[in-house]
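Notes for the one structure printed next.
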Ligand SMILES: [Zn+2]
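In our numbering, the protein residues as written are 1343 to 1593.
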């Protein structure tokens, strides 16, 4: 599942392509909003919060979520799409670019001043300009018996983390993802490390997995143990529930 860094970058691409320009194509291929036509209106801005993306146009905000398979791509007008047309859920065009959202898990049109109804439940956004570390820690510790690997994945605590970065963050802080929050003495460090690598991935795009998906490979820190894996999750796919950790470095 795409994480906050992917959504942050998608918002940047859409902002570059659309912001400040008049919409010439507005095609939302979901039954409830199929008749919405914002052509002739200027795209004010494109923003993200956690894994949610907003294209703000006048008094409206087109809210989308990538969920499992979604992706936003930007094309030149007339350019051949790299994904099948029938998977397109939202097409927003301006004179010199077309943004296409394929296989989006969610598409809705909100009044712009009611965006909070879609994302008001989210915890502090790790990549947001209003990132609030103290509030994030407060939310994480509200349920002290919960395994920390689940607490950091809960978007009501921290917005933007998925399975890759929860595993990387726990490894960086030397904390086993199954350890209850109450027993994690360096929870602040865990949050800081996770924020740092997610931010780097969003803005510099350099993230190479440390432990995620590296079952059986040597731990990049101690080099003496091999990365182990196991289940830890609530809902989602098998892969979403999987944890990766070093049995030696993470207790
Ligand atoms: Zn290790």
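Every residue gets a Cβ at the ideal spot worked out from N, C-alpha and C, and that includes glycine.
Only a predicted model underlies this, so the values are computations on that prediction, with no experimental measurement involved.
(request) Using the Cα positions of residue 1586 and residue 1427, report the straight-line distance between them to the nearest angstrom. (result) Counting from one through the chain shown, the residue named residue 1586 turns up at place 244. Counting from one through the chain shown, the residue named residue 1427 turns up at place 85. Whole-angstrom Cα-Cα distance: 36 Å.
(message) Could you check whether the segment 1481-1493 touches the segment 1445-1453, counting it as contact only if at least three pairs of C-beta atoms, one from each stretch, sit closer than 8 Å?
(response) The segment 1481-1493 is not in contact with the segment 1445-1453.
(message) Please tell me whether residue 1411 and residue 1384 are closer than 8 Å, where the distance is taken between their beta carbons.
(response) If you number the chain shown from 1, residue 1411 lands on position 69. If you number the chain shown from 1, residue 1384 lands on position 42. Their beta carbons are not under 8 Å apart, which means residue 1411 does not touch residue 1384 by this criterion.
(message) Taking 8 Å as the limit between beta carbons, can you name the residues of its chain near residue 1530, skipping five residues before and five after?
(response) One-based indexing of the chain shown puts residue 1530 at position 188. Around residue 1530: 1475, 1479.
(message) Per DSSP, what are the beta-bridge partners of residue 1440 in this structure?
(response) Counting from one through the chain shown, the residue named residue 1440 turns up at place 98. When beta bridges are read from the DSSP output, residue 1440 appears opposite 1417, 1435.
(request) Could you check if residue 1566 is buried or exposed, using at least 16 other CB atoms within 10 Å of its CB as the buried criterion? (result) On the chain shown, position 224 is the one that residue 1566 refers to. Burial is judged here by how many other beta carbons sit within 10 angstroms of a residue's own beta carbon; residue 1566 has fewer than 16 and is exposed.
(message) Could you check whether residue 1470 and residue 1497 sit closer than 8 Å to each other, using their CB atoms as the reference points?
(response) In the chain shown, counting from the first residue as 1, residue 1497 sits at position 155. In the chain shown, counting from the first residue as 1, residue 1470 sits at position 128. No. Outside cutoff.
(request) Could you tell me the boundaries of the alpha helix (DSSP H) in which residue 1461 lies? (result) Sequence index remark: in the chain shown, residue 1461 carries index 119 (1-based). From DSSP, the alpha helix (DSSP H) with residue 1461 extends over 1458-1461.
(message) I'd like to confirm something about residue 1353: is its beta-carbon nearer than 7 Å to some heavy atom of ligand 1, or not?
(response) Looking up residue 1353 in the chain shown gives position 11. At a cut-off of 7 Å, the beta-carbon of residue 1353 does not count as near ligand 1: no heavy atom of the ligand is closer than that.
(request) With DSSP as the reference, label residue 1551 as helix, strand or coil. (result) Working through the chain shown from its first residue, we reach residue 1551 at position 209. Note: residue 1551 maps to coil in three-state DSSP.
(message) Shorter than 7 Å, the distance from the beta carbon of residue 1590 to the closest heavy atom of ligand 1, or not?
(response) Within the chain shown, numbered from 1, the residue matching residue 1590 stands at position 248. At least one heavy atom of ligand 1 is nearer than 7 Å to the Cβ of residue 1590, so yes.
(request) Give the secondary structure of residue 1483 by DSSP, where H, G and I count as helix, E and B as strand, and everything else as coil. (result) Counted from its first residue, the chain shown places residue 1483 at position 141. Here residue 1483 sits in coil by DSSP.
(request) Quick one: residues in its chain with C-beta nearer than 8 Å to the C-beta of residue 1584, no 5 flanking neighbours on either side, listed in chain order? (result) Here residue 1584 refers to the residue found at position 242 of the chain shown. Cβ contact annotation for residue 1584 (same chain, cutoff 8 Å, sequence separation greater than five): 1505, 1571, 1572, 1573, 1574, 1575, in chain order.
(message) Is residue 1567 close to ligand 1? I mean its beta-carbon at under 7 Å from any heavy atom of the ligand.
(response) Numbered from 1 along the chain shown, position 225 holds the residue referred to as residue 1567. Closer than 7 Å to some heavy atom of ligand 1: that describes the Cβ of residue 1567.
(message) If you follow the beta strand (DSSP E) that residue 1406 is in, where does it begin and where does it stop?
(response) Your numbering for residue 1406 matches position 64 in the chain shown. For residue 1406, the enclosing beta strand (DSSP E) has its first and last residue at 1402-1407.
(message) Taking the alpha carbon of residue 1424 as the reference point, which residue from 1436, 1437, 1441, 1435 has its own alpha carbon closest?
(response) Position 82 of the chain shown holds residue 1424. That would be 1441, whose Cα lies nearest to the Cα of residue 1424.
(request) Identify every residue that forms a DSSP beta bridge with residue 1572. (result) To locate residue 1572, count along the chain shown from 1; it is residue 230. Bridge partners of residue 1572: 1585.
(message) Going by beta-carbon coordinates alone, are residue 1390 and residue 1413 separated by less than 8 Å?
(response) By one-based count along the chain shown, residue 1390 stands at place 48. By one-based count along the chain shown, residue 1413 stands at place 71. No, they are not a contact pair.
(message) On a Cα-Cα basis, can you pick out the residue from 1507, 1366, 1477 that is closest to residue 1433?
(response) As a first step, residue 1433 is located in the chain shown; it is residue number 91 there, counting from the start. Closest option to residue 1433, Cα to Cα, is 1366.
(message) Spatial neighbours of residue 1515 within its chain, please: C-beta separation below 7 Å, excluding the five flanking residues on both sides.
(response) As a first step, residue 1515 is located in the chain shown; it is residue number 173 there, counting from the start. Apart from the 5 residues on each side of it in sequence, residue 1515 sits with its Cβ closer than 7 Å to the Cβ of 1528, 1531, 1532, 1535 in its chain, given in chain order.
(request) Taking residue 1555 as the reference, give the member of 1510, 1345, 1438, 1542 with the closest Cα. (result) Within the chain shown, residue 1555 is the residue found at index 213, counting from 1. For the residues 1510, 1345, 1438, 1542, the minimum Cα distance to residue 1555 belongs to 1510.
(message) residue 1443 and residue 1406 - do their beta-carbons sit closer together than 8 Å?
(response) Within the chain shown, the letter at position 64 stands for residue 1406. Within the chain shown, the letter at position 101 stands for residue 1443. Yes. Within cutoff.
(message) Between the alpha carbons of residue 1372 and residue 1381, how many angstroms are there, rounded?
(response) As a first step, residue 1372 is located in the chain shown; it is residue number 30 there, counting from the start. As a first step, residue 1381 is located in the chain shown; it is residue number 39 there, counting from the start. Near 17 Å, if we compare the C-alpha coordinates of residue 1381 and residue 1372.
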